[in-house]
Structures are given as C-alpha cells and as structure tokens.
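Here the structure is laid out as structure tokens; the discussion comes afterwards.
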Amino acid sequence: MNDREILELLVKKMDDLSTEMNGLKNEMGSVKGEVGGLKDEVFSMNHRLFSLESKVGSIQEQTAVNTELHSAVHDLQKNVQNHDADIKLIKKLLIQ
C-alpha cells in the first residue's frame, strides 16, 4: 500500500467516523428530548403523589374524628339505656 492509498483510506475512515458522529449527535438529541419528557412525567407523578398524601392525611384526620364521634354515640347510648331503666323504675314506683 502506497502513501496515496493510505491517505485515501484515512479520508474514507474519517468520513465514516464523521457520519457516525452525526448519527450519534442526532440520537443524543432524541435522548435529551426523551429525558426531558421523563422529567415532566416524574414532576407530574410527584404532584399526584403529593395530592394523594394530602388526601390520605385528610382521611386519617376524619377517621380520628369519626372514632371520637363513635365513642361519644356509644356513651350516649349507654346513658339513654340507663335513663330508660331509671324512668321505668320511677314509673313503676309512681304507679304502685
């Protein structure tokens, strides 16, 4: 192989390398776009997660309130039953 052939081979290889580099640049641009899209999706998911966390917190608070109300209703039910028994006893005593 003479100098000219070697030089032509080098030029061809450089052309091939340049073409491949341009292809890589295009692919990198595409990858950057996809990464940007993924970032947007992650941001959206974080927003939805925050919203869900808020809703779960509200549900927990409401559950605590409902538990207190249930306890109060249960106590009231006991008082009503006790008063009912007392009223029946007083009524029975008054009738006699």
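Per our numbering: the sequence shown = residues 11 to 106. Glycine included, every Cβ here is placed at the ideal spot set by N, Cα and C. The model shown is predicted, which means the values in this text are computed figures rather than measured ones.
Helix, strand or coil at M11 according to DSSP, with G and I counted as helix: For the purposes of this step, residue 11 is taken as residue 1 along the sequence shown, with counting starting at 1. Correct three-state label for M11: coil.
Alpha-carbon spacing of S64 relative to G47, whole angstroms: Against the sequence shown, residue 64 aligns to sequence position 54. Against the sequence shown, residue 47 aligns to sequence position 37. Going from the Cα of S64 to the Cα of G47 covers about 26 angstroms.
Alpha carbon of S81 to alpha carbon of Q70, nearest angstrom: Within the sequence shown, the letter at position 71 stands for residue 81. Within the sequence shown, the letter at position 60 stands for residue 70. Distance between the alpha carbons of S81 and Q70 is about 17 angstroms.
Helix, strand or coil at Q106 according to DSSP, with G and I counted as helix: Position 96 of the sequence shown, counting from 1, holds the residue named residue 106. Here Q106 sits in coil by DSSP.
Cα-Cα separation between G67 and A74, rounded to whole angstroms: For the purposes of this step, residue 67 is taken as residue 57 along the sequence shown, with counting starting at 1. For the purposes of this step, residue 74 is taken as residue 64 along the sequence shown, with counting starting at 1. If I take the Cα positions, the gap works out to 11 angstroms.
Alpha carbon of S54 to alpha carbon of M31, nearest angstrom: The residue you call residue 54 lines up with position 44 of the sequence shown. The residue you call residue 31 lines up with position 21 of the sequence shown. Near 34 angstroms, if we compare the C-alpha coordinates of M31 and S54.
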